[in-house]
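Data block below; observations after.
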Amino acid sequence: MTDRSGKFNIMKLVKIVSFGLLVVVLVCFVAATLRTLTFDVNSGLQLAHWEKTRNIASDINQHQRKELLANFREAIQIPTVSTSKTQLNITALGEFNSLLRKVFPTVFSSHLVQHEVVANYSHLFWVPGSDLALVPYMLLAHIDVVPADENDGWEAPPFSAKEMDGFIYGRGTIDNKQSVMGILQALEYLLIRGYSPQRGFFIGLGHDEEVGGLQGAMNIVKVLKKKGVQLAFVLDEGLAVLDGVISGLQGPAALIGISEKGQATVKLSVFKAPGHSSMPPRESSIGILAGAVKRLEDNPMPILFGEGPERRTFEHLAHRFGLPIKFLMSNMWLFSPLIGRVMERSPDTNAFLRTTTAVTMFNSGVKVNVLPSLAEAYVNLRIHPAQTVQEVLEFIQSTVGDERVKMELVNGFDPLPVSSYDETSFGFQTIKKTLLDQFPQVSVAPGLCIGNTDSRHYTDLAKDIYRFAPTWIKPGDTQRFHGINERISKKNYEELVVFYFNLIQNCDIKELPSPHAATAAVTSSLGLLVSAASFSNASSNSWTPEPNETVYFVNGYSQSRSRPSKPYILRKLMDDWMNFWRLAGVDTMMVNLKSYSVSVIIILVIVIIHWKSIMTNRYLRTCLFLSVKYIETCTT
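According to the UniProt record's numbering, the sequence shown is numbered sequentially starting from 1.
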């Protein structure tokens, strides 16, 4: 009897656990499906009314079009190459300074613009605003470029600025003279048309970004610190508009960098006594070091997908994917481990998931018949925002696991702080609005910049630093950065000028519109919907307060404090059901939970509490009606 009772209890427990798991799976599936159908965090402030709407028109006539392209081509033809910290083409930098003064005469002669040369070749411009209460912002770009050799396979000489098939070819066309010339060309046209800003702004042009920015950017920062400057935001180069680059994405995506990876260079070395190659030891210095390097490559840093800004990139773009990718991207709370495993298979996407490890130099040996005493390897690491330099060094030490291999940090810095990108973020939303006004077909998303820029030196001056230029990148173009056949279309360069022309004016607003302007209408509609449905239901049941029943009103319908009637229970369940949809992510503007796993737990509790009522057909019909109406309200 006891055995039968024990078996019965075990079976009962198994059934309960199985049923519970089934309910959890069902709830997760429903929540994920609803989130997939309605999730769109890219709406932002598109429906909001901005404080200032009458900007100076950015019309560019045929004469100006020829002028701006000619100016840009002249800039490309000057080889402002930075080879190392001590090898800069100062002759070309001096020539470039003269070019700027020649092609932007209004910028350099206007009483509104204050100009200062920093560290001989960098430039700092200050355009004061009429409203001193508004915190200024800053636009950055860099003048120098990396070396280029025509013999590497260029279709046109790298400093010729040759036009072919609507493109201008040359080193610096997309890194980063398009921003240097685009920003100043926009300011030139604004000043010519009588523009005077309300919000002041700085323009900083560094001359040695490609070798660290230690002379240019760092000295500009020193000048600003002496003046006590604090900035609302900084916009530098970094990410771009990707068109056809992300597989499965419908339409182009503009990724605005909100952080940069950190960087570290580590030297690994092994020392052994030299000897003759005819009597080799069991392990040579090269062999020991090669084993250490192999262990580093076989044991990459852990996947950190979801712990940095890269997760938000895919959430912002989820609505532009087709099924089944849309289903996965909309539900990172559930599928991020799976997505991470898939993304690590490609070097292009693997770089966003973790700290990458690249062995870039290996030196040893002086003669073919001499055992080398010293073997050295240099490892370059790009550090994920969820890690620090110290954590990376500890990982390398434990992975190598050999005391004979000495480790030395040559240089390094931690990842940059993550800048804000929500609806209250002035810099991000202003950049986003400018983009969507000019390119309405583009999806805007925050992103992680895996390279490093001059903006990393400005962290003491601004809390929010963004890395973006509206350069359009198509399949194959990513290899042009620091590679051969770097180019930009003439149309795209003109678009850059227009972008900065409009951005400067959009920054003149005092504050962003209310982020919940659109939400209020949805909330109001939802309240009317619930009230109407509740009133209709009460009428159909001829419900009146029962004797000794105290009545009060919540959300437009009456409820009882004591013995509740059946219609009240039904309305209470309706209310819970509406909360279910919100918590499931139907209306992401109303509910912004850090973890949707919390919503799953809440939903499960509601299901358990009202299980008997949920099983009634009457409730299910009402829920279905309200669900459809609510989804219609949210999506319109």
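Think of the CB as a built atom: it goes at the ideal place given N, C-alpha and C, for glycine as much as any other residue.
Beta-bridge analysis with DSSP links His115 to Phe125. Contact check for Gly206 against Cys449 fails: the beta carbons are separated by 9 angstroms or more.
Val113 and Thr430 have their alpha carbons spaced roughly 23 angstroms apart.
Around the Cβ of Lys225, a 10 Å sphere holds fewer than 16 other Cβ atoms; the residue is exposed.
Counting only runs of at least 3 residues, the stretch 181–261 fully encloses the following beta strand (DSSP E) elements, listed from N- to C-terminal order: 201–206, 234–242 and 253–260. Less than 9 angstroms divides the Cβ of Asp208 from the Cβ of Ser122.
Within its own chain, the residues whose Cβ lies closer than 8 angstroms to the Cβ of Asn502, once the five positions on either side in sequence are excluded, are Asn55, Ser58, Thr434, Asp437 and Gln438, listed in chain order.
In the same chain as Gly172, and ignoring 5 residues on each side of it, the C-beta atoms closer than 6 angstroms to its own belong to Ile76 and Val145, in chain order. Note on geometry: alpha-carbon atoms of Ile286 and Gly365 lie some 9 angstroms from one another.
In the structure shown, the three-state DSSP call for Met343 is helix. Residue pairing for Leu371: DSSP places it in a beta bridge opposite Gly275. Going by DSSP, Tyr466 is part of the beta strand (DSSP E) stretching over Ile465 to Ile473. One thing to note: Asp236 has its Cβ no nearer than 9 angstroms to the Cβ of Leu124.
Within the same chain, Phe108 come within 6 angstroms of Arg101 by CB-CB distance, once the 5 residues on both sides are set aside. Pro446 is bridged by DSSP to Ile256. Around the beta carbon of Val270, 16 or more other beta carbons lie within 10 angstroms, which makes this residue buried.
DSSP, read as helix, strand or coil, puts Glu495 in helix.
The continuous alpha helix (DSSP H) containing His63 extends over residues Gln62 to Ile76. Following the DSSP letters along the chain, one finds His142 inside the beta strand (DSSP E) bounded by residues Tyr137 to His142. Restricting attention to Gln387, Asp464 and Pro79, the CA atom closest to the CA of Gly262 is found in Gln387. DSSP, read as helix, strand or coil, puts Tyr500 in helix. Distance from the Cα of Ile465 is smallest, within the candidate group Ile473, Trp472, Arg456 and Thr471, for Arg456. Lys294 carries a helical assignment under DSSP once its states are collapsed to helix, strand and coil.
Between the beta-carbon of Ala186 and that of Ile504 there is about 7 angstroms, and that keeps the pair under the 8 angstroms contact cut. Within its own chain, the residues whose Cβ lies closer than 8 angstroms to the Cβ of Val442, once the five positions on either side in sequence are excluded, are Val241, Gly251, Pro252, Ala253, Ala254, Leu435 and Leu436, listed in chain order. A distance of 9 angstroms or more separates the beta carbons of Val497 and Val379. In the structure shown, Arg382 falls within a strand segment according to DSSP collapsed to helix, strand and coil.
Looking only at Phe29, Glu95 and Ile192, the smallest Cα-Cα distance to Ser110 is reached by Ile192. The stretch 293–303 and the stretch 472–484 do not touch, with fewer than three beta-carbon pairs separated by less than 8 angstroms. The stretch 465–480 and the stretch 415–429 touch, with no fewer than 3 CB-CB distances between them shorter than 8 angstroms. One alpha carbon belongs to Pro300, the other to Gly182, and they sit about 40 angstroms apart.
DSSP, reduced to helix, strand and coil, places Lys177 within a helical segment of the structure shown. Cβ-Cβ distances below 7 angstroms link Ile488 to Phe167, Ile168, Thr173, Ile174, Gln178 and Thr471 in the same chain, with the five nearest sequence neighbours on each side left out; the list follows chain order.
Partner residues in a beta bridge of Ala351, as assigned by DSSP, do not exist. Counting only the Cα atoms, Arg65 lies some 12 angstroms from Asn492.
Sequence-distant partners of Glu155 (beyond 5 residues in either direction) whose C-beta falls short of 6 angstroms from its own C-beta, in its chain, are Asn485.
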